[in-house]
Structures are given as C-alpha cells and as structure tokens.
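Protein chains in written order, with our numbering: chain A, 1 to 394; chain B, 395 to 781.
Put into structure tokens, the structure is as follows:
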C-alpha cells in the first residue's frame, strides 16, 4: 500500500474531509480490498446495524418522446417518430396496480422531455394517481422539471411547488450524468447545464421535496471530471441537506450513438462507489445499481460502501434499450442481501424503514407477479399488441 | 510521507480482530500453514475485503504483480456420457439424437479452423462414451499434434483417463506412456467436483470416488504428467466439505508437487437436474478464491475461470488471491449448456486490458506456465501493487 493511500486512510480514520486531490488519487488506485475496507468502515460508521435496505418500487416510463437527444441514450424517440408513445391512463393504472399487488409504494414516474406534455398534464396525472392509489410519487428529473417550467412560463419554484401540491413526493436525481459542462456538451449538448441541474435540486430541497443524486460515469469523462461531479453534489448537500442518497451507475454504450466507448468494468464500478462513499461524507445512503452491474457485482458493492439495494423496478426499459439485460425480483434480492450477511429490510423512498412482510407473503406476491408477467409475455408473443415500455433508472 | 498510525492495515487488523481471525492473520504473515479449523473460520467471515487482504499478501508473495493468461482453444470431443451427473447440462445418453463424437478428422478440422489464432494450448475434455476405443484417444491427440505441432495438448480429466485405461485393457502406467508418446502434454483439473464421499454419493455416484480421483491424480503426476485441480462449488456442498477438498489436494500436492494451478468452478444450475438452485453469488466467488489461496500454500497459482464467474468478477479476483485468469478459450460449450451468459471467447486484447485496468501486469503463459509474452517496456510495478 502506498504512503499516499495510507495518508488518505489516516484522514478517513480521523474523520477529516477528503479533498479533490485525494479523490483523484483514489480513482487511480488499484488495491480493491484496501479501498473496499475503507469505504466499508465509513458505511458501518453511518449505518451501524447489519441491515441492507431495499424499496419495492416500479419504473413508469410514461413517454419515450424526447427532443434532447442525448448521445448516451437508446430509449428516446424524437418527436414525430412512429415509435414514440405516451402511456394512457389505462396503461398507467395497470402498471401502478401491479406494483400495489406486490406490496410496493414507490412509483418512479419518469420519461423523455416531451414537448407535447405541459404542466397541466403532470398536475392532472399526479392528482389522478394520488387519488386512486396510496403510492409515493418519485417523479420526473431535473431536465424534465426545467423544461416544464420553461414551456409553462413559470419560475422553477412555482412549477415545482405546483407539482408538489399535486402529489410529487420526491424527485429522482437522474440526468446528473457528469456535472461538468465539458462532458455534457459532448454527450448531451441540448440537455440542461450542470448549474441548471443543481438549481432544480436546490429549489426542490428548499420547498421540501427531497431528492437523490446520481452519477453516470464511464462515457467520455476524465477522473478529474468525476471528482468535479462529486464536489458539486457535496457542496449542495452542505448547503441544503436535501439528498437522500447517491447512486453511481455506469454508462451502457452498446446501442447508443457512443457505442464505440468501452463498457466500464465492475472493477471501475466498485472503485467508484468506494471513492464516492469516502468523498461524500454528508450523504447517508448509497444505492447499488444492479440494473447496470448485474447481481454479482451489485452484491459485492455491499462491501464497498453501499447500504441499499435499490428498487425492484419491475420493468426496465432505458438501460435495457442500451444493451443491459439484468432483471431481479424481490426474493432474489433478499437472497443476495442475506447471503452477504445482512438483514434485508424494506424502506420507503425517504429511507425510513418499513415493516417487512413474512417471507411466505413475499414469495406468494412475487409468484403471482411472475405468473402474470409470463401470461402477458405469452399474449404478446401470440400477437396481442405490446404495451409500451417502462423504465428509466433511478 | 511516512505511513500514518491510522493506516489501512490497522483497518484490516480491526476487521480481522472482530471476525476472530487475528491468529490466522499472524500465520499468514509468518507463512505458517493454516489448519482445517482455520479454513472453517475463514469460510464464516463475511468481510470479503479482510479475506482479500490476507489472500493478496500470499498472492503477491508468490506472483508479485503478475497475472497470467493463456491463448487456448477448447475442443469437447463428445457429449455422450454414461455418468449421469446431476450438475451437468452438457451430456446426453448414448442413443440421444443430439449426441455427437468428433472423430480424429473432425478434431483436425477444429484445429485448422483456429490456425490464425496463436494458441499455445488445446484443451480437450468430454463425456465418458464407452463405445470409443483406446485408439480413438491416441488418434485425437495425434490429430492435434500433427496439425499443430507447437501446441501443448492439455487433455483428459481423471475420469476420462480411467475410462481410457479401461478400454485399453492395459496398466495405467503404459497408457500414460502411450498418451504422452502420442503428444499429450498435460492434464486439466476438471472432474474433481467436491472431494467428499457424501457429495459424491448424492450428485455424481457413477464417477470416480474422491479416493479414486486422488489416486489417479497421484499416478499421473508420478508418470510425469502435470495437472490442474478444480472444485465445483455452489450446489449441495457445505463449507466444511469445501475445506476438506482443499486439504486433500494440499496433502497430495505435498507428496507429488504435480499440480500447477487450482481453479474453483462456480456451479451453473440452469438446465441441470439441480436447476432449482440459485447461481453462486459474487461474494461467494470472491471468498472462494481468497480461501483457496490462503489454504493451498503449496500451489503456485490460483485461477479464476471467467467463463463461470463472468469476466467482471474474474477481474476483481486479481486482488482477492487469483494470479491467473485462464484464457481466450475459443468456444466453450460445457458451462454454456448450463445457461452461462458469459461470452464463449475473449480476445487477447480484451484479456490484457482487463488485467491492466486492475493494475496488474499481464503475462501470457503456456499450459505449463512458461512465459510466452511479457510487455517489453512495461512501466514497473504499479503503485500499491506490492505492499
């Protein structure tokens, strides 16, 4: 172990904040057990109980129409494209009911930036959902919020307040990508700037809407730009304390315009989690990205600073459109958590623990869900029209 | 700058202390052999980084920062088998229309198909097909060596050798000598499964018993054939049975020094009679590498077989005890019959990149660990690689 690493380890042990140079060094340091042990130590400091949480939630990708055209995205269809869709209320309702049937409450309502959908669409849809189901709306993302405000001619704060009053509970930290404008110009030139993203988060936190923060690494960014991203998240968290969690995931290049980029490794994923856990001393929760990493590496992340296994998702369309293929149901998730030596406890979107149903109940609910999904797939294979997809990350 | 008193070793020492592994850690530092009880304690430890830290000390003591790989081709010469192992999705019974045999001409063609690839190893294993005569086995080895004289033929697991001797109706020493004369260079390590009488009875009763497997390995080593050794983990075996397996291999290695490398193989349940079992977890894969490295003090190498644990996990194992990542492989069929979704081949460049990204130095070897290639102007050990 190098002296420089031991020096940084000393800072962590002494609970001193790491600086950008420390993080940059760690991003190139290869000794995984050392990085993991240090991040794990911090994890136990924040979460002394041997518990890994999860949330029973689903993705609801209400539209795939998007004018932002990010090069890293294989999910969107430009306005006017025949494959573009907006889910009907029947379709939304069916999907929400499937979540309720497996005992879940978190609806990740997220889609493209669709110029046809104005503020009223969201207000009406949110009210309709909240009237009909007892669910938590983890909805939109900064770029969607910015655009809705813009086309409505309202301020961000007015827009977000109206959305909150209509039922928005928390806002996912998606679209953070890398909070460095040099990177955003290259991979998503039409998307919001880093400052815009931060401003939406700041506004949410001010009006009492908590959020998560993500980082999509492994496209064209440098290690220094990853550190820049972490620093922006940490700075805002110092200011507002409104981030519930941090969720790094890797860019999946296969079916995107950036398909020549090499897919980031599991090694990189674990190291990135460890460095972020060490750097973001003011963020409580780290979520595993099994959707991008698969079950093996996601489970190993539980020893690299991660204390939460994320959402059951139910249906995923964004990463899978790009070439990721991982799926996981709740019994499998619980098995992996327990295999790692932790108790698996459900939580809500704000990371408050919830009572766990019995294993029999969980197995029965998910058995019914699997049967229903299989029946739908069979109907689809038999020629019935396919339901449009679901599923952004985070 | 000098290490601070709050160093990472002290983080590990605290973790090892919490896990009750301090005395084991001292043994690892001294190079003292671990006992079976030590192995059980390691198996109970959930802190994979603490295990990895110790295993990496041993790994770097033996191999420094090197990570070995081989360019190889797999040829599974028949899928017909009479052993009915419940963990296998590859075999079919004798009259099954899906059954095949690659005759010497077919083997020759398979080799010719890959002549562009600079492989140094042809790995041949297959089912136990009692209709194949003794000459067949000599002929397929000859077919490879005639087509591609420079490669090492690494072929036949212990159960296959027992079958070959059965159809030869000759003493096994004579069979070994004739196979070697035909061109057999070394033996793979497959088929050991779990060297436990209970596991043998339950899932592979028609195969060699653990004692017989060890007896064949001993005889082969004495005949000058080096072999590997594997362990198929993640099905019905207990942690104690895994440790028992390692101890038996260690004992034989003390006697013969014939084993080159140890390879834990992750069980793939899909399409087998044990399809209800889950796949092995990533943490178990890492732990198994680390525990093997710590227990097998007389094995020079521990290999992670990426076909079974996935390339991302194999890359991680390079810091948890493994110093070998197998090879390019070119068409794996046995694990893929059991539902493996890993690729069936990796290119040399993919392997080299994967090793380098993990901060290790890639070294291409042949099946006997002779070095074929090493980057000429490599930039020395990476920082942090050798503590």
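Where a beta carbon is used, it is the ideal one built from N, C-alpha and C, also for glycine. Please read these numbers as outputs of a predicted model, since none were measured by experiment.
TODO: Closer than 8 Å by beta-carbon distance: list the chain A residues that pair up with residue 447 of chain B, in chain order.
DONE: 33, 34, 37, listed in chain order.
Task: Buried or exposed (CB count within 10 angstroms, at least 16 for buried), residue 417 of chain B - done: Exposed, because fewer than 16 other Cβ atoms sit within 10 Å of the Cβ of residue 417 of chain B.
- [ ] Taking a Cβ distance cut-off of 7 Å, strictly less, list which residues of the stretch 448-480 of chain B are near chain A, in chain order.
- [x] Those would be 450, in chain order.
Task: Chain-order list of residues whose beta-carbon lies under 7 Å from that of residue 486 of chain B (same chain, five-residue window excluded) - done: Here residue 486 of chain B has 473, 474, 492, 493 as same chain residues with Cβ atoms under 7 Å from its own Cβ, once five neighbours each way along the sequence are excluded.
- [ ] Under the assumption that residue 137 of chain A contacts residue 168 of chain A (Cβ atoms under 8 Å), give the Cβ distance between them as a whole number of angstroms.
- [x] Yes, they are in contact, since the Cβ atoms of residue 137 of chain A and residue 168 of chain A sit about 5 Å apart, within 8 Å.
Task: Amino acids of chain A, ordered along the chain, whose beta-carbon sits closer than 7 Å to that of residue 443 of chain B - done: 33, 36, 37, 40, 303, listed in chain order.
Open item on the list: Quick check: the Cα distance between residue 357 of chain A and residue 53 of chain A, rounded to an integer number of angstroms?
Closed with: Rounded to whole angstroms, residue 357 of chain A and residue 53 of chain A show a C-alpha spacing of 14 Å.
Task: Stretch-stretch touch, CB-based, cutoff 8 Å, three pairs: the stretch 501-512 of chain B with the stretch 550-563 of chain B - done: Because the criterion of three Cβ pairs below 8 Å is not met, the stretch 501-512 of chain B and the stretch 550-563 of chain B do not touch.
Open item on the list: Using the Cβ count rule (16 or more neighbours within 10 Å means buried), how would you classify residue 352 of chain A?
Closed with: Residue environment analysis places residue 352 of chain A among the exposed positions, since fewer than 16 neighbouring C-beta atoms fall within 10 angstroms of its C-beta.
Task: Residues within the stretch 679-695 of chain B neighbouring chain A, beta-carbon criterion of under 7 Å - done: Contact annotation: in the stretch 679-695 of chain B, residues whose CB is within less than 7 Å of a CB in chain A are 679, 680.
Open item on the list: Starting from residue 721 of chain B, trace the alpha helix (DSSP H) in both directions and tell me its first and last residue.
Closed with: Where residue 721 of chain B is concerned, there is no enclosing alpha helix (DSSP H), although the beta strand (DSSP E) around it starts and stops at 718-721.
Open item on the list: Let me make sure I understand the geometry here. Which of B/431, B/720, B/689 has the alpha-carbon closest to that of residue 464 of chain B?
Closed with: For the residues B/431, B/720, B/689, the minimum Cα distance to residue 464 of chain B belongs to B/720.
Open item on the list: Within 9 Å of any Cβ in chain A, is that where the Cβ of residue 748 of chain B sits?
Closed with: Yes, because at least one Cβ of chain A sits closer than 9 Å to the Cβ of residue 748 of chain B.
Open item on the list: For residue 148 of chain A and residue 235 of chain A, what's the separation of their Cα atoms in angstroms?
Closed with: One alpha carbon belongs to residue 148 of chain A, the other to residue 235 of chain A, and they sit about 26 Å apart.
- [ ] Would you please verify whether the beta carbon of residue 677 of chain B is less than 9 Å from any beta carbon of chain A?
- [x] Chain A contact via Cβ: present.
- [ ] Using a Cβ-Cβ cut-off of less than 9 Å, list which residues of the stretch 251-276 of chain A approach chain B; keep chain order.
- [x] If you check each beta-carbon in the stretch 251-276 of chain A against every beta-carbon of chain B, the ones closer than 9 Å belong to 262, 265, 266, 267, 268, 269, 270.
TODO: Run the CB neighbour count on residue 239 of chain A, radius 10 Å, all protein chains shown included, and call it buried at 16 or more, exposed below.
DONE: Counting every other CB atom within 10 Å of its CB across the protein chains shown gives residue 239 of chain A a total below 16, marking it as exposed.
Task: Near-chain B residues of the stretch 339-360 of chain A (beta-carbon distance less than 7 Å), N- to C-terminal order - done: From the stretch 339-360 of chain A, only 339, 340, 341 have a Cβ closer than 7 Å to chain B.
Open item on the list: For a contact defined as C-beta to C-beta under 7 Å, what are the partners of residue 672 of chain B on chain A?
Closed with: For residue 672 of chain B, the residues of chain A that pass the 7 Å Cβ criterion are 335, in the order they occur in the chain.
- [ ] Whole angstroms is fine: what's the gap from residue 25 of chain A's alpha carbon to residue 32 of chain A's?
- [x] A straight-line Cα-Cα distance of about 13 Å links residue 25 of chain A and residue 32 of chain A.
- [ ] Can you have a look at residue 595 of chain B and say buried or exposed, based on whether 16 or more other CB atoms are within 10 angstroms of its CB?
- [x] An exposed status is given to residue 595 of chain B, since fewer than 16 other beta-carbon atoms sit within 10 Å of its beta-carbon.
Open item on the list: Would residue 569 of chain B and residue 630 of chain B be called neighbours here (beta carbons separated by less than 9 Å)?
Closed with: Cβ atoms of residue 569 of chain B and residue 630 of chain B: not closer than 9 Å.
TODO: Could you check which residue in A/141, A/163, A/350, A/382 has the C-alpha nearest to that of residue 130 of chain A?
DONE: Ranking A/141, A/163, A/350, A/382 by CA distance to the CA of residue 130 of chain A puts A/163 first.
Open item on the list: For residue 6 of chain A and residue 204 of chain A, I'd like the C-alpha separation in whole angstroms.
Closed with: Distance between residue 6 of chain A and residue 204 of chain A, taken at the CA atoms: about 39 Å.
Open item on the list: Could you tell me the alpha carbon to alpha carbon distance between residue 128 of chain A and residue 84 of chain A, rounded to whole angstroms?
Closed with: Residue 128 of chain A and residue 84 of chain A have their alpha carbons spaced roughly 23 Å apart.
Open item on the list: Measuring only the C-alpha atoms, how far is residue 440 of chain B from residue 756 of chain B?
Closed with: Looking at the two C-alpha atoms, the distance is approximately 30 Å.
- [ ] List the residues of chain B that residue 297 of chain A touches, going by C-beta distances under 9 Å, in chain order.
- [x] Going along chain B in sequence order, the residues near residue 297 of chain A (Cβ under 9 Å) are 676, 704, 706, 707, 710.
Open item on the list: From the DSSP secondary-structure annotation, give me the bridge partner or partners of residue 697 of chain B.
Closed with: For residue 697 of chain B, the beta-bridge partners assigned by DSSP are B/718.
Open item on the list: Beta carbons nearer than 9 Å to chain A: which residues of the stretch 733-766 of chain B have them?
Closed with: Residues 735, 747, 748, 751, 752, 753, 754.
- [ ] For residue 406 of chain B, go through chain A and note every residue whose CB falls closer than 7 Å to its CB, in chain order.
- [x] By Cβ distance, chain A contributes 37.
Task: Within-9 Å CB hit, residue 411 of chain B to chain A - done: Nearest CB-CB separation between residue 411 of chain B and chain A: not below the 9 Å threshold.
TODO: Could you please give the first and the last residue of the uninterrupted beta strand (DSSP E) stretch that includes residue 758 of chain B?
DONE: First-last of the beta strand (DSSP E) with residue 758 of chain B: 755-759.
TODO: Report yes or no: is there a C-beta of chain A within less than 9 Å of the C-beta of residue 787 of chain B?
DONE: Chain B is shown only over 395 to 781; residue 787 of chain B falls outside these bounds and no answer can be derived.
Open item on the list: Could you pull the DSSP bridge partners for residue 66 of chain A from this structure?
Closed with: The partner list for residue 66 of chain A (beta bridge, DSSP) is empty, contrary to what the question assumes.
Open item on the list: Please tell me whether residue 18 of chain A has its Cβ less than 9 Å away from any Cβ of chain B.
Closed with: So no, residue 18 of chain A is outside the interface.
Open item on the list: If I follow the unbroken beta strand (DSSP E) through residue 547 of chain B, where does it start and stop?
Closed with: Counted as a single uninterrupted DSSP element, the beta strand (DSSP E) harbouring residue 547 of chain B occupies residues 546-549.
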